[in-house]
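To convert, count from 1 in the sequence shown and add 54; that's my numbering. Glycine is no exception: its CB is placed at the ideal position from the N, C-alpha and C atoms. Structure first, commentary second.
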Amino acid sequence: MDVLKPLSHFDGKTDLRLSGYVAYATESSLEVFVRLSTLPAEGESETVLIGRFAMACRKYSGGKQPIAKLEVVGAAEEELWKMGKEMKEGK
Numbered sequence: 055m056d057v058l059k060p061l062s063h064f065d066g067k068t069d070l071r072l073s074g075y076v077a078y079a080t081e082s083s084l085e086v087f088v089r090l091s092t093l094p095a096e097g098e099s100e101t102v103l104i105g106r107f108a109m110a111c112r113k114y115s116g117g118k119q120p121i122a123k124l125e126v127v128g129a130a131e132e133e134l135w136k137m138g139k140e141m142k143e144g145k
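See the structure below:
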């Protein structure tokens, strides 16, 4: 995870939002992105933290645990899927 701004920078009055989504999935693994951003009363939100997680799904008894197929709908999700795939392949 990359912290982009110090959390002490905020005056305690600014709300924060943690959001995340699955960007890419194979038969038994996921690429998940998370974002922490401000929700100010006025002005635009700022990204505070960005993180990426690779998760491997395993059976308790050992071996891969199959997961549901990720359905990609629309151009925005297609771009996220491509980015997740590139990151997965670049490991």
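Our two residues, E140 and G116, have alpha carbons roughly 28 angstroms apart in a direct line.
By the neighbour-count criterion, in which 16 or more other beta carbons inside 10 Å mark a residue as buried, L90 falls on the buried side. Assigned with DSSP and collapsed to three states, K118 falls in strand. Distance from the CA atom of L134 to the CA atom of S83, rounded to whole angstroms, is 16 angstroms. V88 is positioned such that its CB atom lies no closer than 8 angstroms to that of V76. For V86, the pairing in a beta bridge is given by DSSP as V76, F107.
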